[in-house]
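Undergrad: One structure is given below, represented as structure tokens, and several questions about it will come after.
Number of protein chains: 2
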Amino acid sequence: MPQTPHVERHFTGSATVRDAVIGMSDGLTVPFALAAGLSGAIDNTTVIVTAGLAEIAAGSIAMGLGGYLAARSDAEHFHAERSREEAEVREKPEMEALEVAEIFRGYGLSAEEATPLVEALRKRPDAWVDFMMRFELGLEAPDPRRALASAATIAGAYIVGGFIPLGPYMALGARMALPASVGITLVALAIFGYVKGKFTGAQPVRSALQTVVIGGLAAAAAFGIAKAIS
Amino acid sequence: MPQTPHVERHFTGSATVRDAVIGMSDGLTVPFALAAGLSGAIDNTTVIVTAGLAEIAAGSIAMGLGGYLAARSDAEHFHAERSREEAEVREKPEMEALEVAEIFRGYGLSAEEATPLVEALRKRPDAWVDFMMRFELGLEAPDPRRALASAATIAGAYIVGGFIPLGPYMALGARMALPASVGITLVALAIFGYVKGKFTGAQPVRSALQTVVIGGLAAAAAFGIAKAIS
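Each protein sequence line maps, in turn, to chains A and B.
Under our numbering, think of the first position of the first sequence as -12, with each following residue one higher.
Under our numbering, think of the first position of the second sequence as -12, with each following residue one higher.
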């Protein structure tokens, strides 16, 4: 990507910020909704805290390890596709050249206008393969070292997020814990949504409203279902 | 993308399949781990089923609604960036032309070799904007109608996946439910991982092993934590 000044303006947050947002988004929402839901059926804060901590363990491992393995298999998928493109550029250059021309025909360029580019790529098989990976398949080389850092960030953010709604159940009695947890978590969701909006370039206030609505709806649904069973 | 025969070989499953995989992956894992975890602390299957159903409600809403809003804000982000590129192509064509040349310099093309392409794009401002969106920013036009279908598929798959580990707790007594749930769910995770591997082009057996390990680790961690508290 060219390092021109205006590229900076398209910046929408680093990969680490994105991972933290992914983890915290679910970490704030699901343990919160589970704890609030169980409060509709059970008066015992020990059970609610146990369920909440079990959920945090399960959710952070599922998201973190799942993300790690997904990143690893993305990297393998990329290398498998790259080998395939290398073979095609080597063995069927005519067909690949037609595909390059085809890509540019999609942007209104005639075969004649695309010819110099096709010829230039033909002279550079490596660059040609890179070009096909990005422009035909839409794949970018993943960074293999990111997988572990990404998994740790997602899981860590999930755990941090999950302890916010559980805190009141650990510190307060059954009657006070639910309203305290709802209040604290809705505020946390609003702040998180606002900051997330700032990073992703969305309107912060609308983003805050959306995270509050998702968390609130999830908690209300869980509460309703638990209440209906008990 | 060109409709040549070999594109077919790069196919890795439709968007609906991907959404179903996302939802079922977490739906099988988290309610399973939560129920198994609570079994380490509580003998009462009613409490476990209540917690499991509350988790399914919370998780499916958080994932489905979260996915819906993320798709919507992706679409808004795309349109905002497209307006910006349109303005740049209109107001600073010289700078944008330099950026196109810069993109191709990344593939080893000289400024002279890139010139015909730059000139061809200059004549077609709309195609030029499309080109910058895809090749400079790596953004593809999202389908706004996908958002709702995607949310419903993710949430539905989460619910279907979540009922598999909960089934034994609903049908059996406390002593039989845990081993039955573990057995059924590990088999379901293996089948799911195998099918997922087929769709994503990974080795099916390895994919099956991975989903079983994630689910098993999440359940073991949740069980250990719940046991330690009780």
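C-beta: ideal position from N, C-alpha, C; glycine also.
Say yes only if the C-beta of Glu73 of chain B is nearer than 7 angstroms to one or more non-hydrogen atoms of the ligand ATP, and no if none qualify.
TA: The model depicted lacks the ligand ATP and carries no ligand whatsoever.
Undergrad: Distance check for Ser97 of chain B and Glu(-5) of chain A, CA to CA, integer angstroms please.
TA: Caution applies to Glu(-5) of chain A, whose pLDDT of 33 falls short of 50 and renders its modelled position unreliable; the model cannot decide the point.
Undergrad: Strictly under 8 angstroms for the Cβ-Cβ distance: is Leu56 of chain A near chain B by that measure?
TA: It does; some Cβ of chain B falls within 8 angstroms.
Undergrad: Counting only beta-carbon separations shorter than 8 angstroms, does Thr172 of chain A have a partner in chain B?
TA: Not closer than 8 angstroms to any Cβ of chain B, the Cβ of Thr172 of chain A fails to qualify, so no.
Undergrad: Tell me whether the beta-carbon of Val76 of chain B lies closer than 8 angstroms to the beta-carbon of Glu68 of chain B.
TA: Not in contact: Val76 of chain B and Glu68 of chain B (Cβ atoms no closer than 8 angstroms).
Undergrad: Using CA coordinates, which residue listed in B:Lys110, B:Gly54, B:Val34 is at the minimum distance from Arg5 of chain B?
TA: The shortest Cα separation from Arg5 of chain B among B:Lys110, B:Gly54, B:Val34 belongs to B:Gly54.
Undergrad: On a CA-only basis, which of A:Ala189, A:Glu89, A:Ile151, A:Ile48 is nearest Ala23 of chain A? Give me that one, please.
TA: When only C-alpha atoms are compared, the closest one is A:Ile151.
Undergrad: Does the distance from the C-beta atom of Ala74 of chain B to that of Asp13 of chain A stay below 8 angstroms?
TA: Against a cut-off of 8 angstroms, the Cβ pair of Asp13 of chain A and Ala74 of chain B comes out as no contact.
Undergrad: Alpha carbon to alpha carbon, how far is Gln197 of chain A from Ser168 of chain A?
TA: Those two C-alpha atoms are separated by around 19 angstroms.
Undergrad: Taking Ile171 of chain B as the reference, which of B:Val182, B:Ser1, B:Arg162, B:Pro155 has the closest Cα?
TA: Out of B:Val182, B:Ser1, B:Arg162, B:Pro155, B:Pro155 has the C-alpha closest to the C-alpha of Ile171 of chain B.
Undergrad: Taking the alpha carbon of Ile178 of chain B as the point to measure from, which residue in B:Val199, B:Gly188, B:Ala189, B:Glu127 has its own alpha carbon closest?
TA: Nearest of B:Val199, B:Gly188, B:Ala189, B:Glu127 to Ile178 of chain B, Cα basis: B:Val199.
Undergrad: Could you check whether Gly203 of chain A and Ser194 of chain A sit closer than 8 angstroms to each other, using their CB atoms as the reference points?
TA: Contact flag unset, no.
Undergrad: Enumerate, from N- to C-terminal direction, the unbroken beta strand (DSSP E) stretches of 3 or more residues contained entirely within the segment 133 to 165 of chain B.
TA: Here no run is fully enclosed.
Undergrad: Applying the criterion that 16 or more other CB atoms from any shown protein chain within 10 Å of the CB defines a buried residue, is Ala2 of chain B buried or exposed?
TA: That one is exposed.
Undergrad: Closest to Ala205 of chain B by CA distance: which of A:Thr32, A:Gly51, A:Gly180 is it?
TA: Looking at the Cα atoms, A:Gly51 is the closest of the given residues.
Undergrad: Against chain A, with Cβ distances strictly below 8 angstroms, would Glu73 of chain B count as a contact?
TA: No - not a single Cβ of chain A is within 8 angstroms of the one on Glu73 of chain B.
Undergrad: If you drop the 5 nearest sequence neighbours on each side, which residues of the same chain put their C-beta closer than 6 angstroms to that of Leu176 of chain B?
TA: So the list reads Leu15, Thr198, Val199, Gly202, once near-sequence residues are dropped.
Undergrad: Assign Asp130 of chain B to one of three DSSP states: helix, strand, or coil.
TA: Asp130 of chain B falls in the coil class under three-state DSSP.
Undergrad: Checking contacts by CB at 8 angstroms: is Phe218 of chain A closer than that to chain B?
TA: With chain A covering only -12 through 217, there is no way to say anything about residue 218 of chain A.
Undergrad: Classify Ser12 of chain B as helix, strand or coil using the three-state DSSP reduction.
TA: Of the three classes helix, strand and coil, the one that applies to Ser12 of chain B here is helix, per DSSP.
Undergrad: Looking at chain B, is there any beta carbon in it that lies within less than 8 angstroms of the beta carbon of Val147 of chain A?
TA: Taking Cβ atoms only, chain B never reaches closer than 8 angstroms to Val147 of chain A, which makes this a no.
Undergrad: Does the contact criterion of 3 or more C-beta pairs under 8 angstroms hold for the segment 24 to 44 of chain B versus the segment 134 to 141 of chain B?
TA: No, the segment 24 to 44 of chain B does not touch the segment 134 to 141 of chain B.
Undergrad: How many angstroms separate the CA atom of Gly160 of chain A from the CA atom of Asp30 of chain A?
TA: Cα-Cα distance, rounded: 9 angstroms.
Undergrad: Is it right to say Leu108 of chain A is buried, meaning 16 or more other beta carbons lie within 10 angstroms of its own, or is it exposed?
TA: Buried is the call here.
Undergrad: Please name the residue in B:Ala44, B:Ala213, B:Leu56 whose C-alpha comes closest to that of Arg133 of chain B.
TA: Arg133 of chain B has its Cα closest to that of B:Leu56, out of B:Ala44, B:Ala213, B:Leu56.
Undergrad: Between B:Trp115, B:Glu123, B:Ser70, which lies nearest to Arg92 of chain B when the distance is taken from Cα to Cα?
TA: Comparing Cα-Cα distances from Arg92 of chain B to each of B:Trp115, B:Glu123, B:Ser70, the minimum goes to B:Glu123.
Undergrad: Kindly indicate which three-state DSSP category Arg111 of chain A falls into: helix, strand or coil?
TA: The answer is coil: DSSP assigns Arg111 of chain A none of H, G, I, E or B.
Undergrad: Cα separation between Met157 of chain A and His66 of chain A?
TA: Whole-angstrom Cα-Cα distance: 48 angstroms.
Undergrad: Extract the residue ranges of the alpha helix (DSSP H) inside the segment 79 to 112 of chain A, only unbroken runs of 4 or more that lie entirely within it.
TA: For the segment 79 to 112 of chain A, whole alpha helix (DSSP H) runs of length 4 or above, ordered along the chain, are 80 to 92, 98 to 109.
Undergrad: Does any C-beta atom of chain A lie closer than 8 angstroms to the C-beta of Asp117 of chain B?
TA: Yes, its Cβ sits closer than 8 angstroms to a Cβ of chain A.
Undergrad: Report the residue ranges of all alpha helix (DSSP H) runs contained in full by the segment 25 to 78 of chain A; include only those spanning at least 4 residues, in chain order.
TA: Counting only runs of 4 or more, we get 32 to 78.
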